[in-house]
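Colleague: My questions all concern the structure below.
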Amino acid sequence: MIAISGIGWVQNEECGCALIPKVFSCVGGVADSAVLTVNGITWRNQKNAGRFNAATRQAMLATALALHDAGIADDAQKKDAIGILGASPDGCIDDNAAYFTDYLAAGRVMGRGNLFIYTLPTSPLAEVAMHYALQGPLAYVWHPHERLRKLLEEAGSFVLDDQAEAMVALFMHKNATLGFVLKRRELNALQFSLEQTLTFVTQNIQNV
Amino acid sequence: MLPETVVITDCDITTAYGRGIGRCWDGVMSGATAIRPCGRFNTDRFQARIAATVDGITYDGGDSLVMQMLEPLFVSLSGSIPSDAFVMLATTIGEIDLLERSLIQGSGNVAQSMPAILLEKIISRSATFQSGMVISAACASASVAIGRAASMIRNGERECVVVIACDSVSEFAFSGFSSLMALDAEPARPFDAHRAGLSLGEAAGIMVLMSERRAQQEHRTVLGRVCGWGYSCDANHMTGPSRDGAGLAMAVTKALASARIDASDIGSICAHGTGTPYNDAMEMMAFKKIFASPVPVYSIKGATGHTMAAAGLIEAAVGLAAAKQKCVPATVGLREVDAIASDWAHAHPVPCEDGYALSVNAGFGGVNAALVMKVL
Numbered sequence: 001m002i003a004i005s006g007i008g009w010v011q012n013e014e015c016g017c018a019l020i021p022k023v024f025s026c027v028g029g030v031a032d033s034a035v036l037t038v039n040g041i042t043w044r045n046q047k048n049a050g051r052f053n054a055a056t057r058q059a060m061l062a063t064a065l066a067l068h069d070a071g072i073a074d075d076a077q078k079k080d081a082i083g084i085l086g087a088s089p090d091g092c093i094d095d096n097a098a099y100f101t102d103y104l105a106a107g108r109v110m111g112r113g114n115l116f117i118y119t120l121p122t123s124p125l126a127e128v129a130m131h132y133a134l135q136g137p138l139a140y141v142w143h144p145h146e147r148l149r150k151l152l153e154e155a156g157s158f159v160l161d162d163q164a165e166a167m168v169a170l171f172m173h174k175n176a177t178l179g180f181v182l183k184r185r186e187l188n189a190l191q192f193s194l195e196q197t198l199t200f201v202t203q204n205i206q207n208v
Numbered sequence: 209m210l211p212e213t214v215v216i217t218d219c220d221i222t223t224a225y226g227r228g229i230g231r232c233w234d235g236v237m238s239g240a241t242a243i244r245p246c247g248r249f250n251t252d253r254f255q256a257r258i259a260a261t262v263d264g265i266t267y268d269g270g271d272s273l274v275m276q277m278l279e280p281l282f283v284s285l286s287g288s289i290p291s292d293a294f295v296m297l298a299t300t301i302g303e304i305d306l307l308e309r310s311l312i313q314g315s316g317n318v319a320q321s322m323p324a325i326l327l328e329k330i331i332s333r334s335a336t337f338q339s340g341m342v343i344s345a346a347c348a349s350a351s352v353a354i355g356r357a358a359s360m361i362r363n364g365e366r367e368c369v370v371v372i373a374c375d376s377v378s379e380f381a382f383s384g385f386s387s388l389m390a391l392d393a394e395p396a397r398p399f400d401a402h403r404a405g406l407s408l409g410e411a412a413g414i415m416v417l418m419s420e421r422r423a424q425q426e427h428r429t430v431l432g433r434v435c436g437w438g439y440s441c442d443a444n445h446m447t448g449p450s451r452d453g454a455g456l457a458m459a460v461t462k463a464l465a466s467a468r469i470d471a472s473d474i475g476s477i478c479a480h481g482t483g484t485p486y487n488d489a490m491e492m493m494a495f496k497k498i499f500a501s502p503v504p505v506y507s508i509k510g511a512t513g514h515t516m517a518a519a520g521l522i523e524a525a526v527g528l529a530a531a532k533q534k535c536v537p538a539t540v541g542l543r544e545v546d547a548i549a550s551d552w553a554h555a556h557p558v559p560c561e562d563g564y565a566l567s568v569n570a571g572f573g574g575v576n577a578a579l580v581m582k583v584l
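Chains as they are written, first to last, in this note's numbering: chain B, 1 to 208; chain V, 209 to 584.
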């Protein structure tokens, strides 16, 4: 059986963890590194962070918080047994439009590679995977109904299928970004069930 | 509950060779590439001017490019797709031509190109009543989808899943790959010592997977079994694979474990084999980490072009055909084998052992997927 070992959330100008409740302020998906560091959460400004779009920045932060909440150390070890699955209502439609609009504006002569690489719904997930060395499965999934539940069940399936020891599940909504760490249920471990997780989201995250 | 055996009962594809697995197999075995001058849009300023496009599929075809490819497949498989099948759509950019048209014409309705919309169309067209899902893993999308479908059936979550994979040669994709300097001006030459990049292609495929138990109950012909699957991520670079092949090797290792077989049981390998210097070198390093001696390796991307999300399904179908024939096709486009692939890849058809067929794919973001299949 699958359980949720860590939850990180980013909404409006706040972010935090759920299993061990913590709340921090953040602006545009970027939290104060010093504040997070004092609290044991590693959120390193990537050298290339300037090219991240907003969705990717929020995904990075939500993952940092979720991994911390799950007690998984950052950068201390290879995480080849952890994968990442993501879902978002709009996929990468905005990035697709941005790429092609720019291409048209340039006279249909040449596209920009740095825009093109974001025209896949997996791109933000790949950035997160690179940063946190998540070397397990990686995919974007979308279900037309019960989207968060289905995302968590799908991520859990990869663990039960022995494709990963743990999965990060990222739910990227226009109103919030949520990160979850899923593992097999462990005795005496601080974990939420799927239903507890959905209840937490319903009660604490607005309009998702 | 005992794990279910997963079988493929129906499959049809459209590639630049035309409709049908047989036509694709004959084309690949002929050694003639389906990559040719691309007249769908102006390619004068791009790195290449060639692609493997499907005849008769046009921007003015009355529907999106991918739906034009899929419609004949729905017709041919009419009656074969169970109404309770769960639909899994594997695509990277789906009906991207609708976005192109919207922006060129200034209508602003880009949302119609979203894969979620395509999923609704496909579910309706397939006459199934389950809710379905989109799964996207860059150019490994179809392989991941087939693996997930098989997993759902093996663990009893689903009795039947239909995987539908598609991507088209659009100005969007072509300009993008050109901007990344990934295209070869000549048709792709996988594993060639002088390979210089990939050639884009388009394809669509529909594959019906179900439990063997149900297939027997319904007296369906079984094309093959999906025995194992594995996934990983290089976590290294957005467009370039990890140089040492460790990520892909991990995916293959997981697939072998999933199939409960050893590497020595593999009789043939359908490689991702894009024809780019880095990808092909990475794959060979991955294979050499796993296999103690050369196994017949081939790529069809010099023949069908790189069909992006659809590649995994097309290549799974060809892989089963190769296993059935006990013969792997030549790698079309290959003239002088790179030293790293010597004794593995060949410029002519090669007999293969009556074993399991391995099919691997990789994609942007470092995704890797491996499938193990067997014909009966």
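Virtual Cβ for every residue (Gly too), placed ideally from N, Cα, C.
Check whether chain V comes within 7 Å of His173/B, counting only Cβ atoms and requiring the distance to be less than that.
Modeller: So no, His173/B is outside the interface.
Colleague: Under three-state DSSP, which class holds Thr300/V?
Modeller: Thr300/V falls in the coil class under three-state DSSP.
Colleague: Report yes or no: is there a C-beta of chain V within less than 7 Å of the C-beta of Ala126/B?
Modeller: Answer yes: the Cβ-Cβ gap between Ala126/B and chain V drops below 7 Å somewhere.
Colleague: Which partner residues of Gly432/V appear in the DSSP bridge assignment?
Modeller: For Gly432/V, which the question treats as bridged, DSSP gives the partners Ile216/V.
Colleague: In chain B, which residues lie less than 8 Å from Glu308/V when you measure between Cβ atoms?
Modeller: Result: Phe100.
Colleague: List, in order along the chain, the chain V residues whose C-beta lies closer than 9 Å to that of Ile93/B?
Modeller: Correct list: Leu307, Val318, Ala319, Ser321 and Met322.
Colleague: Report the residue from Leu408/V, Arg257/V, Arg227/V and Ile229/V whose alpha carbon sits nearest the alpha carbon of Lys509/V.
Modeller: Looking at the Cα atoms, Leu408/V is the closest of the given residues.
Colleague: What is the rounded straight-line gap between the Cα of Val387/V and the Cα of Ile41/B?
Modeller: The question names Val, but residue 387/V is Ser in the sequence shown. For Ser387/V and Ile41/B, the distance between alpha carbons rounds to 37 Å.
Colleague: Can you tell me whether Ala18/B is buried or exposed, with buried defined as 16 or more other CB within 10 angstroms of its CB?
Modeller: So Ala18/B counts as buried.
Colleague: Hey, which unbroken runs of the beta strand (DSSP E) at 3 residues or more fall wholly within the region 391-453 of chain V?
Modeller: Listed in chain order, they are 411-419 and 432-441.
Colleague: Output needed in chain order: residues of the region 419-444 of chain V with a Cβ under 9 Å from some Cβ in chain B.
Modeller: Taking 9 Å as the Cβ-Cβ cut-off against chain B, the residues of the region 419-444 of chain V that qualify are Trp437, Gly438, Tyr439, Ser440, Cys441, Asp442, Ala443 and Asn444.
Colleague: Do Thr261/V and Val434/V count as a contact pair if the criterion is CB distance below 7 Å?
Modeller: Not closer than 7 Å, so no.
Colleague: With a CB to CB cut of under 6 Å and the five nearest residues on each side skipped, what residues in its chain are close to Ala189/B?
Modeller: Excluding sequence neighbours, Ala189/B sits near nothing in its chain.
Colleague: Which residues does DSSP pair with Lys22/B in a beta bridge?
Modeller: DSSP lists Cys17/B as partners of Lys22/B.
Colleague: Cα separation between Leu579/V and Trp437/V?
Modeller: Between Leu579/V and Trp437/V, the C-alpha separation is close to 5 Å.
Colleague: Using a Cβ cut-off of 7 Å (strictly closer), state whether Asn53/B contacts chain V.
Modeller: For Asn53/B, the answer is no, since every Cβ of chain V falls outside 7 Å of its Cβ.
Colleague: For Thr241/V, count the other beta carbons within 10 Å of its own beta carbon; 16 or more makes it buried, fewer makes it exposed. Which is it?
Modeller: Counting Cβ neighbours within 10 Å, Thr241/V comes out buried, since at least 16 surround it.
Colleague: Determine, for Tyr130/B, whether the minimum Cβ-Cβ distance to residues of chain V falls below 7 Å.
Modeller: Note that residue 130/B is Met in the sequence shown here, rather than Tyr. Answer yes: the Cβ-Cβ gap between Met130/B and chain V drops below 7 Å somewhere.
Colleague: Counting only Cβ pairs nearer than 8 Å, list the residues of chain V close to Gln135/B.
Modeller: Going along chain V in sequence order, the residues near Gln135/B (Cβ under 8 Å) are Ser440, Cys441, Asp442, Ala443, Gly455 and Met458.
Colleague: How would you list, in chain order, the residues of chain V whose beta-carbon sits under 7 Å from the beta-carbon of Gly113/B?
Modeller: In chain order: Ser387 and Leu388.
Colleague: Near Val558/V, what residues of its chain come up, given a Cβ to Cβ distance below 6 Å and the 5 sequence neighbours on each side ignored?
Modeller: Excluding sequence neighbours, Val558/V sits near Pro504 and Val536.
Colleague: With three or more beta-carbon pairs closer than 8 Å as the criterion, would you say the region 160-167 of chain B touches the region 216-236 of chain V?
Modeller: They do not touch, by the three-pair rule.
Colleague: Helix, strand or coil for Lys582/V, going by three-state DSSP, please let me know.
Modeller: Correct three-state label for Lys582/V: strand.
Colleague: When you compare the CB positions of Val100/B and Leu311/V, do they come within less than 7 Å of one another, or not?
Modeller: It should be noted that the sequence gives Phe, not Val, for residue 100/B. Taking 7 Å as the Cβ cut-off, Phe100/B and Leu311/V qualify as a contacting pair.
Colleague: Where Gly355/V and Met110/B are concerned, what is the direct C-alpha to C-alpha distance, given to the nearest angstrom?
Modeller: Approximately 36 Å, taken between the alpha carbons.
Colleague: Quick one, are the C-beta atoms of Ala494/V and Leu456/V less than 7 Å apart?
Modeller: Yes.
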